[in-house]
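K.L.:
Counted from 1, the sequence shown has number 165 at position 165 by my numbering; the numbering is strictly sequential.
Backbone N, C-alpha and C fix where the C-beta goes; we use that ideal spot for every residue, glycine too.
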Amino acid sequence: MIRISTPQALENLWEYSLRVPLEPGDKWVVFSDLHMGDGSRLDDFHRNAELFLSALTTYYFPRKFKLLLNGDVEEILRFRLGDIKKYWKKAYDVFDQFHAEGRLFKLEGNHDPAREQKDSPYPILSSLTLSTPEGEIFFLHGHQAGRINSGRYNFFLGALLRMFANPLGIKNLSPAYHKKARYEIERRVYAFAKEKNLLAVIGHTHRPLFESRSKSASLEARLDVLCRRYARASSGLKKNLASMIRFTRLDWEKHRKANVQDLPNQLYNREFLLPCLFNSGTILGRGGLTGIEITSKKIRLIHWADLQKPLSSKVAYEYETRRIFDGRLTRTVLKKADLNYLFTLIQFLA
1 MIRISTPQAL
11 ENLWEYSLRV
21 PLEPGDKWVV
31 FSDLHMGDGS
41 RLDDFHRNAE
51 LFLSALTTYY
61 FPRKFKLLLN
71 GDVEEILRFR
81 LGDIKKYWKK
91 AYDVFDQFHA
101 EGRLFKLEGN
111 HDPAREQKDS
121 PYPILSSLTL
131 STPEGEIFFL
141 HGHQAGRINS
151 GRYNFFLGAL
161 LRMFANPLGI
171 KNLSPAYHKK
181 ARYEIERRVY
191 AFAKEKNLLA
201 VIGHTHRPLF
211 ESRSKSASLE
221 ARLDVLCRRY
231 ARASSGLKKN
241 LASMIRFTRL
251 DWEKHRKANV
261 QDLPNQLYNR
271 EFLLPCLFNS
281 GTILGRGGLT
291 GIEITSKKIR
301 LIHWADLQKP
311 LSSKVAYEYE
321 TRRIFDGRLT
331 RTVLKKADLN
341 YLFTLIQFLA
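#1: Among Q117, L69, L53, which residue has its Cα nearest to the Cα of F79?
#2: Give the DSSP-derived three-state secondary structure of L291 in the structure shown.
#3: Express the C-alpha separation of P24 and L13 in angstroms, rounding to a whole number.
#4: Can you give me the Cβ contacts of L56 inside the same chain, cut-off strictly under 6 Å, excluding the 5 residues immediately before and after it?
#5: Which residue marks the beginning of the beta strand (DSSP E) containing K336, and which one marks its end?
#6: From Y59 to L67, what distance separates their C-alpha atoms?
#7: For F325, which residues in the same chain have their Cβ closer than 6 Å to its Cβ, ignoring the five residues on either side in sequence?
#8: With 16 as the cutoff for other CB atoms within 10 Å, does F31 come out buried or exposed?
#9: Would T332 and R188 be called neighbours here (beta carbons separated by less than 8 Å)?
#10: If we call anything under 8 Å between Cβ atoms a contact, is L125 one with L104?
#11: Please report the Cβ distance between G287 and A305, rounded to the nearest whole angstrom; I am assuming they are in contact, meaning their Cβ atoms lie under 8 Å.
#12: Is the Cβ-Cβ distance between V20 and S127 less than 8 Å?
#13: Pop quiz: H143 and N197 are said to be a contact at Cβ under 8 Å. What is the actual Cβ separation, rounded to whole angstroms?
#14: For R322, which three-state DSSP category applies?
#15: Give the DSSP-derived three-state secondary structure of F98 in the structure shown.
#16: Roughly how many angstroms lie between the CA atoms of D120 and H141, to the nearest whole one?
#17: If you draw a straight line from the C-alpha of K85 to the C-alpha of L277, how long is it?
#18: Quick check: L329 and H206, are their CB atoms within less than 8 Å of each other?
#19: Relative to the C-alpha of F139, which residue among I202, E195, I185 is closest?
#20: L199: which of F343, P133, H99 sits nearest, CA to CA?
#21: For Y16, is the classification buried or exposed, using 16 other Cβ atoms within 10 angstroms of its Cβ as the cut-off for buried?
#22: Reducing DSSP to helix, strand and coil, say where I76 ends up.
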C-alpha cells in the first residue's frame with residue numbers, strides 16, 4: 001500500500017474538489033461533527049439535536065441558506081447506519097428538504113466515510129471549494145491532515161470503539177486523541193492554506209477557530225481593544241468598559257489555563273499570523289453549538305444556544321448581534337470579517 005504524504009493528500013483534495021461559485025446573494029451555513037448515533041445513551045447527538053434541527057427549520061431553511069455538513073455527521077464507526085437513519089428520521093427529513101431544493105452538500109469525515117454510505121440519497125464529497133473573484137474557500141473535514149485519524153485505520157478504530165468504548169460508556173464529546181495531535185492538524189491545514197492563498201474551513205477537532213485564532217487568542221486580542229477604548233473613553237463610559245475588561249480577562253485566564261499550548265506563535269509559526277484557517281466547531285458543545293455562516297461578502301462564526309438548558313453558554317456579554325427565536329433559542333455572532341479584507345491580507349502577506 002502506497003502512503004501519500006499529508007501535503008500531497010491535501011493537494012489532491014483541493015485539486016479534485018467540487019468547485020461552486022459563490023454568487024451575490026448566496027448564503028451558506030456550515031456545521032460539522034454531529035456524530036449521530038442510534039438513540040442509545042452513547043448517542044452524543046441527543047444533547048443538541050432539538051436545538052440543531054430547530055435552527056435549520058426556523059432560521060436557515062426559510063432564509064434560503066445552503067447547508068454544508070462538513071463530516072462526521074453519522075457515527076458509523078460505532079453504530080450501524082441503518083439504526084442511525086431509523087432513529088433520526090426527523091433529522092433526515094430536514095436534510096431531505098434542503099436536498100430537494102439543491103441546497104444540501106455533505107462531506108465525508110473519518111467517522112462517516114463515503115465508502116460506508118453507498119446507498120446515500122445525497123452525494124458524499126471529499127471536499128468542496130467556493131470560488132469568489134477574490135479567492136477560494138476550501139472545505140474539508142480535516143482528518144486528512146492527521147495520522148491515526150486520517151481514515152487509514154478506520155477498521156481498527158471502529159473495532160476498538162465497539163469493543164471497548166461502547167461497553168465503557170465513552171462518548172465523543174471531546175476529540176478522542178491528544179491535544180497535540182489536534183494542533184498538528186491545524187498547523188498542517190494552515191500551512192497548506194497559506195501556500196495556496198486560500199481560506200480553509202475544517203471541522204474534526206471540535207474546536208472553533210476564526211481567522212486562525214482560537215478562543216483564548218481571540219480573547220487576548222479583545223482585551224487589547226477594550227484597553228485601548230478605555231484609555232480614550234469618557235468617564236461615563238469607563239465604568240462599563242472596566243466591567244467588560246474584568247469579565248473578559250477572567251474568561252481569557254480560564255481558556256489559557258485549559259490550553260497551555262494555545263498560543264498563536266506556538267500553534268503555527270513566528271511569522272505574521274494569516275487569517276486563513278477556520279473551524280466550524282461541533283454540534284456537541286455543552287453550552288450549545290457552533291457553525292460558520294458565509295455570504296458573498298462576509299464570514300461569521302455563530303453560536304446557537306437553548307436558554308432553557310442550565311448549561312447554556314452566556315456568550316452575549318461581549319457581542320453585538322443576538323437574535324431570539326420562540327423565546328428560548330438564541331443565535332449569536334461570535335466573530336465576523338469581510339471576505340475581501342481576508343483575501344487582501346492573504347494576497348499581500350502570505
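P.N.:
So, from the data block:
#1: Q117
#2: Residue identity check: residue 291 is Gly in the sequence provided, not Leu. If DSSP states are grouped into helix, strand and coil, G291 belongs with the strands.
#3: 26 Å
#4: V94
#5: 329-338
#6: 12 Å
#7: T58
#8: buried
#9: no
#10: no
#11: 6 Å
#12: no
#13: So it is not a contact: roughly 24 Å between Cβ atoms.
#14: strand
#15: helix
#16: The amino acid at residue 120 is misidentified as Asp; the sequence shows Ser. So the two alpha carbons sit approximately 18 Å from each other.
#17: 32 Å
#18: no
#19: I202
#20: F343
#21: exposed
#22: coil
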